[in-house]
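A quick write-up on the structure given underneath.
Residue numbers (my numbering): 271 to 792.
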């Protein structure tokens with residue numbers, strides 16, 4: 271009996287080992303079958319619209335993480351998935367750039383899918399670095415410098431798209447960006463340009479950091495894309511600093527804590543903690559380059575000639591560069607303290623709407639919205655949307671604000687916007703003037719006739735602004751417009767000739783010019 275039992279046990283053991291072998295072989299076949307399925311899918315044509323491609327693309331990237339296959343097969347599959355994902359994100363970018371705030375639920379779901387895809391790619395490409403010698407480029411798809419470059423690039427795009435929709439960065443995105451770059455530095459790969467790429471790893475990282483330093487909440491989506499491209503080209507202009515040099519707190523000095531999930535912070539606004547392992551850098555050199563480029567553009571040099579993105583050839587693009595140069599050339603401290611508030615205000619938007627409000631008052635057929643003023647200072651407000659349509663509100667546009675029983679509409683410029691969800695929109699407003707005078711600007715048209723534009727004239731403010739301001743639609747006037755003819759209808763019809771004496775502000779929505787009246791003040 272004992273022998274029989276032993277024999278049975280041995281037989282059972284042999285059967286078990288055979289079963290394990292068969293299961294292992296089946297698993298290996300399934301793993302290779304899975305990776306082959308991904309490779310076959312990559313050969314299929316893309317969906318007609320990039321948004322239709324996203325679900326299956328995300329499913330394939332998720333499957334790549336779970337299937338086996340040889341290292342070479344997995345690297346080849348991930349390379350194809352990354353390149354296809356890059357094409358889809360690039361094709362979606364124009365659509366995302368046109369979204370209005372706050373982003374509708376359907377569009378926000380699309381954005382979330384893109385962000386999730388980029389997160390998976392950042393994680394999976396970083397995984398390829400493990401177990402490969404730092405400078406091993408025998409298989410270009412497995413090269414550590416390319417894997418790190420792609421991980422940094424995916425994280426940088428994730429942050430940029432968050433800026434596009436005026437939303438906070440995904441939790442952990444900044445910290446992962448810092449840690450991935452720290453890994454590249456530890457492997458001495460930060461100055462490497464991977465095969466097939468045009469930028470160093472450090473430039474991808476630095477450009478993402480600089481975009482965070484550019485106060486992205488103060489940019490339109492179009493301006494975010496423009497600056498992201500600009501900073502990738504010129505990120506090498508930033509200058510690393512020692513802690514001692516940074517302590518001098520020159521304008522444009524920033525610090526980064528690589529252990530925190532946070533962007534770089536300006537030294538002049540927030541002192542760096544003394545115990546953390548910090549990185550310091552200066553944007554002063556980049557600020558000087560910006561001023562040089564602005565002067566070249568104003569002198570008639572094309573954006574293409576000096577290696578700038580296309581938007582730099584427009585007044586809006588020049589305005590973005592000018593604001594950025596100003597921020598990195600001075601300390602930018604607030605002039606006034608804010609006070610928390612909690613009262614209602616009514617808002618009108620855009621030059622057309624403001625023109626009618628200032629001319630017709632309460633009888634104007636203008637769409638208004640209700641807002642809560644959350645804090646205020648003598649030169650501006652922070653407001654949160656309560657009710658009403660807000661389709662024309664955007665950073666850089668003009669709005670009119672009226673509170674309580676006030677008769678006049680204060681004229682403000684939208685300086686920043688933050689939207690954490692589809693029901694939420696918060697704006698930062700700078701007060702330009704306590705009121706405006708609606709006027710008609712007559713200018714020669716493209717043909718023989720005269721074109722008439724609705725504009726706003728803002729009064730001078732003693733001790734703050736010695737000249738009047740003229741608000742016109744962006745690009746409506748050329749730099750050499752010379753004398754301007756204004757028609758103002760009040761109790762009488764008045765025609766006045768004025769001239770521009772300088773550009774006060776240029777945004778994607780409006781140009782604000784300092785003007786000098788012919789004889790008398792408005």
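Even glycine gets a Cβ: it sits at the ideal position worked out from N, Cα and C.
Rounded distance between the beta-carbons of residue j and residue i, thought under 8 Å
i	j	result
residue 646	residue 609	6 Å
residue 432	residue 686	About 15 Å; that fails the 8 Å criterion.
residue 521	residue 498	Between residue 498 and residue 521 the Cβ distance is about 23 Å, and since that is not below 8 Å, they are no contact.
residue 737	residue 771	7 Å
residue 424	residue 388	5 Å
residue 599	residue 557	5 Å
residue 323	residue 358	5 Å
residue 445	residue 460	Actually they are not in contact, since the Cβ atoms of residue 445 and residue 460 sit about 18 Å apart, beyond 8 Å.
residue 741	residue 621	6 Å
residue 375	residue 732	Their Cβ separation, rounded to whole angstroms, is 48 Å, which puts residue 375 and residue 732 out of contact at 8 Å.
Spatial neighbours of residue i in its chain, beta-carbon cut-off 8 Å, leaving aside the 5 residues before and after
i	result
residue 577	503
residue 877	With the chain covering 271 to 792 only, the question about residue 877 has no answer from this structure.
residue 309	343, 346, 347, 350
residue 295	The pLDDT assigned to residue 295 is 37, lower than 50, so where the model puts this residue is not dependable, and the model offers no usable value.
residue 467	416, 419
residue 442	531
C-beta atoms of residue i and residue j nearer than 8 Å
i	j	result
residue 624	residue 668	yes
residue 412	residue 464	no
residue 690	residue 437	yes
residue 505	residue 532	no
residue 672	residue 616	yes
residue 684	residue 628	no
residue 795	residue 618	Since the displayed the chain opens at 271 and closes at 792, residue 795 lies outside it and no answer follows.
residue 727	residue 756	yes
residue 594	residue 484	yes
residue 240	residue 352	Absent from the structure is residue 240, since the part of the chain shown begins at 271 and ends at 792.
residue 534	residue 474	no
residue 380	residue 428	no
residue 421	residue 439	no
residue 745	residue 545	no
Contact set for residue i: own chain, Cβ-Cβ below 7 Å, skip 5 residues either direction
i	result
residue 774	739, 782, 783, 784
residue 551	508, 509, 510, 511, 524
residue 580	573
residue 402	412, 414
Sequence-distant residues of its chain with Cβ nearer than 6 Å to residue i (five each side left out)
i	result
residue 582	573
residue 769	753, 786
residue 470	461, 463
residue 548	525, 527, 542
residue 777	589, 666
residue 765	757
Any non-hydrogen atom of the ligand ADP within 7 Å of residue i CB
i	result
residue 618	Looking at this structure, you won't find the ligand ADP or any other ligand, since it has none at all.
**Message:** Does the structure place the segment 693 to 701 close enough to the segment 355 to 375 that three or more beta carbon pairs sit under 8 Å?
**Reply:** Contact holds: three or more Cβ-Cβ distances are below 8 Å.
**Request:** Could you tell me which uninterrupted beta strand (DSSP E) segments, each at least 3 residues in length, are contained entirely in the segment 587 to 633, listed from first to last along the chain?
**Result:** Listed in chain order, they are 609 to 619.
**Request:** Kindly provide the ranges of any beta strand (DSSP E) runs that are 3 or more residues long and lie completely inside the segment 434 to 499, ordered along the chain.
**Result:** Complete beta strand (DSSP E) runs here, min 3: none at all.
**Segments of 3+ residues assigned as beta strand (DSSP E) that fall wholly inside the segment 727 to 760** = List check, beta strand (DSSP E) in window: 738 to 743, 753 to 759.
**Item:** Start-end ranges of the beta strand (DSSP E) lying completely within the segment 518 to 574, minimum 3 residues
**Value:** Here the runs fully enclosed are 523 to 526, 549 to 552.
**Message:** If we require 4 or more residues per run, which alpha helix (DSSP H) segments fall completely within the segment 297 to 366?
**Reply:** For the segment 297 to 366, the full-length alpha helix (DSSP H) segments reaching 4 residues or more read 320 to 336 along the chain.
**Request:** Enumerate, from N- to C-terminal direction, the unbroken beta strand (DSSP E) stretches of 3 or more residues contained entirely within the segment 641 to 729.
**Result:** Segments of the beta strand (DSSP E) lying fully in the segment 641 to 729: 650 to 657, 668 to 673, 680 to 688, 696 to 703, 707 to 714, 720 to 728.
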